[in-house]
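Chemist: One structure is given below, represented as structure tokens, and several questions about it will come after.
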């Protein structure tokens, strides 16, 4: 009745087949759960849209003023909106015990966490990328700058989810940890904010932006390679 | 023939020493009941064996596998106090995902597993709409489809009625008759053959 995994070869045969399966299953599971509880990802998006649309009313409706401030406004609010949604990344799975099962699973924990982070980006980062051209237009960004804004968001919003996953895994067992999470994660977001806003601002002044984009790309690659392992380690400590 | 051997295991939570120099051995076909008062470390012991907690001293040996290696985790099934069921997913969706986490076989008969625990009609119901006892049954229905050899069951009979308890006891016996190992904690009397008991 039981499979003898100690035979080695049989285990290796199984292993390859199911690694992709757990990755895809985790993403579809998280998306399914989110769509059945839409407030978990719609609230941060509403915050993103409403906050940005209030700036022209609060500051000035003048095109020149708004277009100068637009990269900073959109990026800061995007960052805060991702931060708002980070609490839900591991929270439900911690409460019901699924995280424990993930930790003792024979599948790679960093791979499962990477799948969860990707699902989080699909629900938080991707809608921001889709909405940002419209909000950019509302803030009088020119088409060239909107293109650069989208480019920076495509490269850097995955970093927000990836870096945020470390903080979310560290505070997973703490109730009302929103403030602590912000304190932990916001300093790590600052380099992304600097390079992303600087790229969009420089494009408005028709200056070179390759340097900023390369830095954002570097942060993305490092985050992708390192954060799943750090999140896995911090989760194990948090659940110990 | 598999063997799980715990040698001189000690566990401390904060300043509280739960147990020290705990040793026991369990072979294929045996059931081990861990008993003891509340707070004596039963759950902590199961979590240590499952690889969820770190221990201060001692060793846990299971065949030739290292604790927390992929092969070790593949052979172990841990069902703790939490049911590991997501409220927004249906019973069958939860079962499929949990089984994928713990095993390597996908094409299994989940419907018959739910039938065994009397919840075949709730297959597509969201877990959030079920009672505590029903959730526990759904969690335990994994026992009818899992391929894991060693079962670590923390209070498996809590929130269950007597009929469900009998079903689970029979399943544990079947599992051990086929060469499996089961370690469970409970405050209730068990009607399981070949039951060994240690007290903390």
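Protein chains in written order, with this note's numbering: chain Z, 453 to 692; chain H, 41 to 240. Backbone N, C-alpha and C define an ideal beta-carbon position, used for all residues, glycine too.
By alpha-carbon positions, which one of Z:603, Z:532 and Z:550 ends up nearest to residue 481 (chain Z)?
Modeler: Checking every option, the nearest Cα to that of residue 481 (chain Z) belongs to Z:550.
Chemist: Any idea what DSSP makes of residue 547 (chain Z), helix, strand or coil?
Modeler: If DSSP states are grouped into helix, strand and coil, residue 547 (chain Z) belongs with the helices.
Chemist: For residue 455 (chain Z) and residue 231 (chain H), what's the separation of their Cα atoms in angstroms?
Modeler: Legend: pLDDT at residue 455 (chain Z) = 45, less than 50; position of this residue unreliable, value from coordinates given subsequently. Going by the C-alpha atoms only, they are around 28 Å apart.
Chemist: Rounded to whole angstroms, what's the CA-CA distance from residue 81 (chain H) to residue 162 (chain H)? Just pull it up for me.
Modeler: The straight-line gap from Cα to Cα measures roughly 35 Å.
Chemist: What is the DSSP secondary structure of residue 50 (chain H), reduced to helix, strand or coil?
Modeler: Strand, per DSSP.
Chemist: With distance defined between alpha-carbon atoms, name the residue in H:142, H:164 and H:205 nearest to residue 151 (chain H).
Modeler: Taking only the C-alpha atoms, the option nearest residue 151 (chain H) is H:164.
Chemist: I want to verify the contact list: residues of chain H whose CB lies under 7 Å from the CB of residue 477 (chain Z), in sequence order.
Modeler: Chain H residues near residue 477 (chain Z): 137 and 140.
Chemist: What would DSSP say about residue 185 (chain H), mapped onto helix, strand or coil?
Modeler: Looking at residue 185 (chain H) - three-state DSSP - the assignment turns out to be coil, as it is neither helix nor strand.
Chemist: Counting Cβ pairs closer than 8 Å, one from the region 91-107 of chain H and one from the region 66-76 of chain H, do we hit at least three?
Modeler: Flag = no, the region 91-107 of chain H and the region 66-76 of chain H do not touch.
Chemist: Would you check if the distance between the CB atom of residue 135 (chain H) and the CB atom of residue 223 (chain H) is smaller than 8 Å?
Modeler: Cβ atoms of residue 135 (chain H) and residue 223 (chain H): not closer than 8 Å.
Chemist: What separation, rounded to the nearest whole angstrom, lies between the Cα atoms of residue 220 (chain H) and residue 111 (chain H)?
Modeler: Distance between the alpha carbons of residue 220 (chain H) and residue 111 (chain H): 16 Å.
Chemist: Determine the closest residue to residue 197 (chain H) out of H:225, H:218, H:83 and H:49, with distance taken between C-alpha atoms.
Modeler: Selected option, being the one with the closest Cα: H:225.
Chemist: Please confirm if the region 603-621 of chain Z is in contact with the region 502-521 of chain Z, defined as three or more CB-CB distances below 8 Å between the two stretches.
Modeler: Output reads no: the region 502-521 of chain Z does not touch the region 603-621 of chain Z.
Chemist: When the Cα atoms are used, what is the spatial distance from residue 535 (chain Z) to residue 662 (chain Z)?
Modeler: Answer to the nearest angstrom: the Cα atoms are 27 Å apart.
Chemist: List in chain order: all unbroken beta strand (DSSP E) runs of 3+ residues lying wholly within the region 61-143 of chain H.
Modeler: With a minimum length of 3 residues, the continuous beta strand (DSSP E) runs that stay inside the region 61-143 of chain H are 71-75, 97-102 and 116-119.
Chemist: As a quick exercise: from Z:599, Z:532 and Z:543, pick the residue whose alpha carbon is nearest that of residue 576 (chain Z).
Modeler: Checking every option, the nearest Cα to that of residue 576 (chain Z) belongs to Z:532.
Chemist: Is the beta carbon of residue 541 (chain Z) sitting closer than 8 Å to the one on residue 590 (chain Z)?
Modeler: It is not a contact, given that the beta carbons lie outside the stated cut-off.
Chemist: Note the first and the last residue of the continuous beta strand (DSSP E) segment covering residue 225 (chain H).
Modeler: Counting along the chain, the beta strand (DSSP E) containing residue 225 (chain H) begins and ends at 221-225.
Chemist: For residue 181 (chain H) versus residue 154 (chain H), is the C-beta spacing smaller than 8 Å?
Modeler: The answer is yes: Cβ separation under 8 Å.
Chemist: Taking CB distances under 8 Å as the criterion, tell me whether residue 122 (chain H) reaches chain Z.
Modeler: Yes, because at least one Cβ of chain Z sits closer than 8 Å to the Cβ of residue 122 (chain H).
Chemist: Where does the unbroken beta strand (DSSP E) through residue 190 (chain H) begin, and where does it stop?
Modeler: Taken as a continuous stretch (DSSP letters only), the beta strand (DSSP E) holding residue 190 (chain H) covers 190-194.
Chemist: Could you pull out every residue in the same chain whose Cβ sits closer than 7 Å to the Cβ of residue 194 (chain H), ignoring the five residues on either side in sequence?
Modeler: 83, 86, 119, 120, 121 and 225.
Chemist: Are the CB atoms of residue 571 (chain Z) and residue 608 (chain Z) within a distance shorter than 8 Å?
Modeler: Going by C-beta atoms, residue 608 (chain Z) is not nearer than 8 Å to residue 571 (chain Z).
Chemist: Tell me whether residue 233 (chain H) sits in a helix, a strand or coil according to DSSP, three-state version.
Modeler: It is coil, neither helix nor strand.
Chemist: My understanding is that residue 557 (chain Z) touches residue 141 (chain H), with C-beta atoms under 8 Å, so please give their C-beta distance in whole angstroms.
Modeler: About 4 Å separates the two Cβ atoms, so the contact holds.
Chemist: Secondary structure at residue 45 (chain H), three-state DSSP: helix, strand or coil?
Modeler: It is a strand residue.
Chemist: Name the two residues that bound the continuous alpha helix (DSSP H) containing residue 523 (chain Z).
Modeler: Element bounds for residue 523 (chain Z): 515-538.
Chemist: The alpha helix (DSSP H) that contains residue 628 (chain Z), what's its start and end?
Modeler: Residue 628 (chain Z) -> no alpha helix (DSSP H), and no H or E assigned at all.
Chemist: Who are the Cβ neighbours of residue 91 (chain H) in its own chain at under 6 Å, not counting the five residues just before and after it?
Modeler: So the qualifying residues of the chain are 107 and 108.
Chemist: Compare the C-alpha of residue 213 (chain H) against each of H:53, H:234, H:227 and H:203 and name the closest.
Modeler: Of H:53, H:234, H:227 and H:203, the residue nearest in Cα terms is H:234.
Chemist: Going straight from the alpha carbon of residue 588 (chain Z) to that of residue 640 (chain Z), what length do you get?
Modeler: Distance between the alpha carbons of residue 588 (chain Z) and residue 640 (chain Z): 25 Å.
Chemist: Helix, strand or coil: which one does DSSP assign to residue 205 (chain H)?
Modeler: Residue 205 (chain H): helix per DSSP, three-state reduction.
Chemist: Does any residue of chain Z bring its CB to less than 8 Å from the CB of residue 56 (chain H)?
Modeler: Chain Z, which has no Cβ nearer than 8 Å to the Cβ of residue 56 (chain H), makes this no.
Chemist: Cβ of residue 84 (chain H) less than 8 Å from any chain Z Cβ?
Modeler: Cβ-Cβ to chain Z under 8 Å: no for residue 84 (chain H).
Chemist: Kindly say whether residue 691 (chain Z), judged by its beta-carbon, lies nearer than 8 Å to any beta-carbon of chain H.
Modeler: Yes, its Cβ sits closer than 8 Å to a Cβ of chain H.
Chemist: 8 Å is my cut-off, CB to CB: does residue 113 (chain H) come that close to chain Z?
Modeler: Taking Cβ atoms only, chain Z reaches closer than 8 Å to residue 113 (chain H), which makes this a yes.
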